[in-house]
Ligand code: SAM
Ligand code: DTB
Ligand code: SF4
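In this note's numbering, the protein residues as written are 1237 to 1566.
Structural data, given as structure tokens:
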């Protein structure tokens, strides 16, 4: 029997009907990372094809609805008030500006519109305004996603009532490395918000960042944590660090691009039913590297020339790439 098929059978995720493996240990995920590159990609492709149309990629557009001035100290983030990144702080956008951006995203072909706010967490008054934004974006026929930081009791239910489809809240890195990157909140706080989101019946968008100086075991630790959420997140953004001048991680050494592809493949294999999103860092990637990420099972991107505060490929570059690769946007 060919070797990679045995690998997939062992992982228990070759068929659409097989149950989610009970637990992904760090060692089991690291064993995926340690495979020869071709074997890993072959396995990821098989899992991908068993669960998704291999040539379809979902597109989400981001908008920062409240920029900068955040109280938290996330080492990668341009929006932390304590990092001197030269970013101009902005207050919450008016609803008309948000609707205009969402309409433009829809016309360009995005299916989901994600609104981000640089808060430790929203105040109830903020939440009412964001709820209005969600209602208005939803009325355009787009899926909605917000990322607002930590939620208090009752806030997730308000977002659900407004029609929110997804809440983005990342675990970001392995549990043992989290304190090296963020000290103003803990990963336990992140789990608490994820539980509130799930309990309110909102889909979970949860992933992380690589290239922050973590080890391969650290990357495997992050993927194992995500895969062991029950159920795993419906969307899994994998961000490659965008080093922002003025942040503590401005001069982090970039990870080997093949290691980034391996991270995507490990996410695909361990979370076979999730959308795996090739997220931040795409602007710096070649078309060939992005093609390898799609081959490894990425089936979602951020679409539009800006992420929250940093750049993303122009829509035209993505359209050309999709055409060259025969990918369909969904
Ligand atoms: N304040 C909210 C929070 O912390 O969840 C939402 C905004 S935060 C910008 C959303 C995510 O973007 C972070 O969890 C991180 O994964 C990612 N991110 C932020 N800055 C980044 C950077 N410079 N490079 C790569 N990813 C980044
Ligand atoms: C996620 O995981 N990546 C997006 C979204 N969720 C909100 C944000 C990426 C931000 C990249 C840095 C910036 O533009 O500020
Ligand atoms: Fe940036 Fe969010 Fe951390 Fe604030 S909580 S510094 S916006 S990542």
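Backbone N, C-alpha and C define an ideal beta-carbon position, used for all residues, glycine too. What you are looking at is a predicted structure, and each value in this text was computed from that prediction instead of being measured.
Sequence ranges, beta strand (DSSP E) only - wholly within the stretch 1357-1386, length at least 3: Taken in chain order, the complete beta strand (DSSP E) segments of 3 or more residues contained in the stretch 1357-1386 are 1379-1383.
Proximal residues to residue 1331 (C-beta, below 8 Å), its chain only, five neighbours per side dropped: Translated into the one-based positions of the chain shown, residue 1331 becomes position 95. Within the same chain, Cβ atoms closer than 8 Å to the Cβ of residue 1331 are found at 1365, 1368, 1369, 1372, the five residues on either side in sequence being excluded.
Residue 1311 beta carbon less than 8 Å from that of residue 1481: On the chain shown, position 245 is the one that residue 1481 refers to. On the chain shown, position 75 is the one that residue 1311 refers to. Contact flag unset, no.
Own chain, CB closer than 7 Å to residue 1549, minus 5 neighbours either side, in chain order: For the purposes of this step, residue 1549 is identified with residue 313 of the chain shown, where counting begins at 1. Taking residue 1549 as the centre and dropping the five residues before and after it, the same chain places the C-beta of 1518, 1519 closer than 7 Å to its C-beta, in chain order.
Helix, strand or coil at residue 1266 [DSSP, three-state]: Along the chain shown, one-based indexing puts residue 1266 at 30. Note: residue 1266 maps to helix in three-state DSSP.
Distance cut-off 7 Å: residue 1312 Cβ against heavy atoms of ligand 1: Counted from its first residue, the chain shown places residue 1312 at position 76. Yes.
Whole-number beta carbon distance between residue 1442 and residue 1418, since they are thought to touch under 8 Å: Counting from 1 along the chain shown, the entry for residue 1418 is found at position 182. Counting from 1 along the chain shown, the entry for residue 1442 is found at position 206. Rounded to the nearest angstrom, the Cβ distance from residue 1418 to residue 1442 is 15 Å, too far for a contact under 8 Å.
Contact under 8 Å by Cβ, residue 1382 with residue 1334: Numbered from its first residue, the chain shown carries residue 1382 at position 146. Numbered from its first residue, the chain shown carries residue 1334 at position 98. No, they are not a contact pair.
Option nearest residue 1264 by Cα separation, candidates 1452, 1470, 1318: Position 28 of the chain shown, counted from the first residue, corresponds to residue 1264. Nearest to residue 1264 by C-alpha distance, out of 1452, 1470, 1318, is 1452.
Residue ranges of each beta strand (DSSP E) within the stretch 1275-1318, 3 or longer: Correct list: 1292-1302.
Environment of residue 1533 [buried if 16+ CB atoms lie within 10 Å]: On the chain shown, position 297 is the one that residue 1533 refers to. Under this definition residue 1533 is a buried residue.
Residue 1561 to residue 1290 span [Cα, whole Å]: Taking the first residue of the chain shown as position 1, residue 1561 is located at position 325. Taking the first residue of the chain shown as position 1, residue 1290 is located at position 54. Straight-line Cα distance between these residues: approximately 11 Å.
Neighbour-count burial assignment, residue 1324, 16 or more Cβ in a 10 Å radius: Position 88 of the chain shown holds residue 1324. By the C-beta density criterion, residue 1324 is exposed, having fewer than 16 other C-beta atoms within 10 angstroms.
Helix, strand or coil at residue 1484 [DSSP, three-state]: Position 248 of the chain shown, counting from 1, holds the residue named residue 1484. Collapsing the DSSP output to three states places residue 1484 in coil.
Check: residue 1478 C-beta below 7 Å from any heavy atom of ligand 1: The residue you call residue 1478 lines up with position 242 of the chain shown. Answer for residue 1478: yes, Cβ within range of ligand 1.
Distance cut-off 7 Å: residue 1280 Cβ against heavy atoms of ligand 4: With respect to small molecules bound, the structure shown includes ligand 1, ligand 2 and ligand 3 and not ligand 4.
Where residue 1466 falls: helix, strand or coil (DSSP): Indexing the chain shown from 1 puts residue 1466 at position 230. DSSP places residue 1466 in the coil class of the three-state scheme, outside both helix and strand.
Beta-carbon proximity list for residue 1566, same chain, < 6 Å, skipping 5 on both sides: Counted from its first residue, the chain shown places residue 1566 at position 330. Cβ neighbours of residue 1566 beyond the five flanking positions: 1292, 1294.
One or two residues paired with residue 1209 in a DSSP bridge: With the chain represented from 1237 up to 1566, any question about residue 1209 goes unanswered, as that position is not in the structure.
Buried or exposed (CB count within 10 angstroms, at least 16 for buried), residue 1308: The count along the chain shown starts at 1 and reaches residue 1308 at position 72. Result: buried.
From 1320, 1375, 1486, 1317, residue whose alpha carbon lies closest to that of residue 1342: Numbered from 1 along the chain shown, position 106 holds the residue referred to as residue 1342. Here the closest residue by C-alpha is 1375.
Near ligand 1: residue 1445 beta-carbon under 7 Å from a heavy atom: By one-based count along the chain shown, residue 1445 stands at place 209. Yes, since a heavy atom of ligand 1 falls inside the 7 Å radius drawn around the Cβ of residue 1445.
Residue 1283 beta carbon less than 8 Å from that of residue 1505: Position 269 of the chain shown, counted from the start, is the residue given in the question as residue 1505. Position 47 of the chain shown, counted from the start, is the residue given in the question as residue 1283. Pairing residue 1505 with residue 1283 gives a Cβ-Cβ distance under 8 Å.
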